[in-house]
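Step one of this worksheet: look at the structure below.
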Amino acid sequence: MAVSSTTDGEAFVRAVPEELAALAEMIAQQQPDLLPLDRSYASLDRVEDFYQACLEEATGASASLESRLACYVGATLAASTGGRWEPPRTKSDLGRASIVGLPYLARAKFYPLDVVRNFKRTRSAGYLRDATEIYDIPVRRALLAHLVANSDAKLAALHSDLRDLLGRDPGALDGSADSLAVIEAALKQLLAANAPRDLLRRIETGAVLYLGQIVQRAVGGEWTLCEDPDDADLGQLQMHGWAPITVIRNVGPNSRPNLLQTVLDLVIKARSNK
2 MAVSSTTDGE
12 AFVRAVPEEL
22 AALAEMIAQQ
32 QPDLLPLDRS
42 YASLDRVEDF
52 YQACLEEATG
62 ASASLESRLA
72 CYVGATLAAS
82 TGGRWEPPRT
92 KSDLGRASIV
102 GLPYLARAKF
112 YPLDVVRNFK
122 RTRSAGYLRD
132 ATEIYDIPVR
142 RALLAHLVAN
152 SDAKLAALHS
162 DLRDLLGRDP
172 GALDGSADSL
182 AVIEAALKQL
192 LAANAPRDLL
202 RRIETGAVLY
212 LGQIVQRAVG
222 GEWTLCEDPD
232 DADLGQLQMH
242 GWAPITVIRN
252 VGPNSRPNLL
262 QTVLDLVIKA
272 RSNK
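For the sequence shown, the numbering used here begins at 2 and goes up steadily by one.
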């Protein structure tokens, strides 16, 4: 949310509850099944559904709605992390309010308005939640620990999801080029079909574990979490300093064939020479 000047900070903070109440009233009137707005990360998916519907209307979404959504996104992160609102203070803030005081991210500023505007531009399913939750390092650490402890089960679930999605046996997840091609085809199919967010997230998560496992077997390494606020991979799982999600999310209808295999080969080669 933008404010007119740095002197409006206290007024802005006082206005946030009003903006949140106005958003809740809008949703209650138009799509009450999306309630409650409980400031959970899961609720960001429901808010995203509401925003998507507004964007698809002929009149589009108003600037006031954009502002209210930004307030909700920021309030959700603050509720989970104990962060706080900060009005714009420097030129680099570009008039945008931010959430600061995030655990383990002393230098970080989270700009909710950027998240809302990026979703408006990309319409990427699940973006509001995903782009917010990565700033919650305790939650991301817990996720990493859970995935590592249950990696075999997660990979078995990936195999099952691939079979259901493709309608055939996807073959063994054995690190082969064929297995990577199957995952790539599944990702493209998911995007083309505008698949449910939960299914897309499950397959993306399984693919992250699978690609990381291939790197680990080739050159060693351990799973870590990127906690550098200046790194584009902030909040993402990394193997040997590489975040598989970056290439996974670059797979799309127009991406080059065998993208996963090509990037994986480059990653392994670069780390083999160290």
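Note that the Cβ used here is the ideal one computed from N, Cα and C, for glycine as well.
- Message: Using the Cβ count rule (16 or more neighbours within 10 Å means buried), how would you classify Thr133?
- Response: buried
- Item | Limits of the beta strand (DSSP E) - the one that Glu87 falls within | 85-87
- Query: What are the boundary residues of the beta strand (DSSP E) that includes Thr225?
  - Reply: 224-226
- Message: Comparing C-alpha positions only, which one of Leu166, Leu95, Arg90, Arg272 sits nearest to Ala196?
- Response: Leu166
- Could you say if the segment 98-116 and the segment 202-212 meet the contact criterion of at least three C-beta pairs nearer than 8 Å? no
- Message: Suppose you measure from the CA of Asp46 to the CA of Pro245; what does that come to, to the nearest Å?
- Response: 23 Å
- Exposed unless 16 or more other CB atoms sit within 10 angstroms - verdict on Glu49: buried
- Message: For a test of the three-state rule: what should DSSP assign to Gln239, helix, strand or coil?
- Response: strand
- Message: Quick check on Arg97: does DSSP put it in helix, strand or coil?
- Response: strand
- Residue closest to Asp34, alpha-carbon to alpha-carbon, out of Lys189, Ala182, Leu21, Phe51: Phe51
- Helix, strand or coil for Leu36 per DSSP? coil
- Would you say the segment 160-177 touches the segment 227-245, given that touching needs at least three Cβ pairs under 8 Å? no
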